[in-house]
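Asks:
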Amino acid sequence: MIIDSLSAPSALLLVLQQGRWVAPDRSSSTYREVFGDDAVAPQFLPLSRMTANRRWLDDISEDYRGFYLGQPDRQSPPGDVDPDRSLLIGDLGPDRPFALDYRPSSVAPSVIYLSTAADWIEVAPNIEMLIERLGI
992 MIIDSLSAPS ALLLVLQQGR WVAPDRSSST YREVFGDDAV APQFLPLSRM
1042 TANRRWLDDI SEDYRGFYLG QPDRQSPPGD VDPDRSLLIG DLGPDRPFAL
1092 DYRPSSVAPS VIYLSTAADW IEVAPNIEML IERLGI
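Counting along the sequence shown from 1, when you hit position 7 you're at 998 in the numbering used here, and nothing is skipped either side.
#1: Along the alpha helix (DSSP H) that carries Ser1018, what are the first and last residues, could you check?
#2: Since Gln1034 sits in a beta bridge, which residues does DSSP pair it with?
#3: By a C-beta neighbour count over all protein chains shown, 10 Å radius and 16 as the cutoff for buried, is Met992 buried or exposed?
#4: Any idea what DSSP makes of Ala1115, helix, strand or coil?
#5: Taking Ile1080 and Met1041 to be in contact with their CB atoms under 8 angstroms, please state how far apart those CB atoms are, rounded to whole angstroms.
#6: Excluding the five sequence neighbours on either side, which residues of its own chain have a C-beta within less than 6 angstroms of the C-beta of Ala1207, listed in chain order?
#7: Would you check if the region 1108–1123 and the region 998–1016 touch, i.e. whether three or more CB-CB distances between them fall below 8 angstroms?
#8: Could you tell me the alpha carbon to alpha carbon distance between Ser1020 and Asp1071, rounded to whole angstroms?
#9: Pop quiz: Leu1083 and Asp1028 are said to be a contact at Cβ under 8 angstroms. What is the actual Cβ separation, rounded to whole angstroms?
#10: Please classify Ser1001 as buried or exposed, where buried requires at least 16 neighbouring CB atoms within 10 angstroms.
#11: Would you report the Cα separation of Leu1038 and Ser1101, rounded to the nearest angstrom?
#12: DSSP state of Val1102, grouped into three classes?
#13: What's the gap between the Cα of Ser1096 and the Cα of Val1031?
#14: Between which residues of its own chain and Pro1116 is the CB-CB distance below 7 angstroms, once the five residues before and five after are set aside?
Following this line, the structure appears as structure tokens:
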């Protein structure tokens, strides 16, 4: 399935189809272990709300775009997000999205998160690993 010109990974489509793409209980330590942050109001987006970052960035004022785009960071890669090569799939609360990052691979995107401690960080090398780590 193609979403905004990006191919959704089959593992993500499978858990969506099975109704398992739901946020774990926010009181769980899983979020801190996987994302490095606690969840405030986690949302795992349904397919109908998944969108390329380019679309949701269009709704953000110029003053805040730098915050959402980040800066490249070699010590905590990637540091930034490419709005044309990423797909928003959920968030841990306000201003805390996570996305598929298609820069490393168009068929096996990594999963990145807008951390409260840094900019965008990789939390899983692929969606399969995120699903496993979250116990979904």
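Ideal placement from N, C-alpha and C gives every residue a C-beta, glycine not left out. Predicted, not measured: the structure shown is a model, and the values here were computed from it.
Replies: Walking through what the data contain:
#1: What you label residue 1018 is simply residue 27 of the sequence shown in a count that begins at 1. Taken as a continuous stretch (DSSP letters only), Ser1018 belongs to no alpha helix (DSSP H), as it is neither H nor E.
#2: Counting from 1 along the sequence shown, the entry for residue 1034 is found at position 43. According to DSSP, which records beta bridges pairwise, Gln1034 is partnered with Asp1082.
#3: Looking up residue 992 in the sequence shown gives position 1. By the 10 Å Cβ count, Met992 comes out exposed.
#4: What you label residue 1115 is simply residue 124 of the sequence shown in a count that begins at 1. Residue state, collapsed to three classes: strand.
#5: Within the sequence shown, the letter at position 89 stands for residue 1080. Within the sequence shown, the letter at position 50 stands for residue 1041. Their Cβ separation, rounded to whole angstroms, is 6 angstroms, which keeps Ile1080 and Met1041 in contact under 8 angstroms.
#6: Nothing can be reported for residue 1207: it is not among the residues displayed for the chain, which extend from 992 to 1127.
#7: Segments in contact, yes.
#8: Position 29 of the sequence shown, counting from 1, holds the residue named residue 1020. Position 80 of the sequence shown, counting from 1, holds the residue named residue 1071. Within the model, the alpha-carbon separation for Ser1020 versus Asp1071 is close to 26 angstroms.
#9: Your numbering for residue 1083 matches position 92 in the sequence shown. Your numbering for residue 1028 matches position 37 in the sequence shown. The pair is a contact, with the Cβ atoms about 6 angstroms apart (cut-off 8 angstroms).
#10: Counted from its first residue, the sequence shown places residue 1001 at position 10. Ser1001 comes out exposed.
#11: To locate residue 1038, count along the sequence shown from 1; it is residue 47. To locate residue 1101, count along the sequence shown from 1; it is residue 110. The alpha-carbon separation between Leu1038 and Ser1101 amounts to approximately 18 angstroms.
#12: As a first step, residue 1102 is located in the sequence shown; it is residue number 111 there, counting from the start. Assigned with DSSP and collapsed to three states, Val1102 falls in strand.
#13: Within the sequence shown, the letter at position 105 stands for residue 1096. Within the sequence shown, the letter at position 40 stands for residue 1031. If I take the Cα positions, the gap works out to 30 angstroms.
#14: In the sequence shown, residue 1116 corresponds to position 125, counting from 1. For Pro1116, where only same-chain residues beyond five positions count, the Cβ hits under 7 angstroms are Ser1101.
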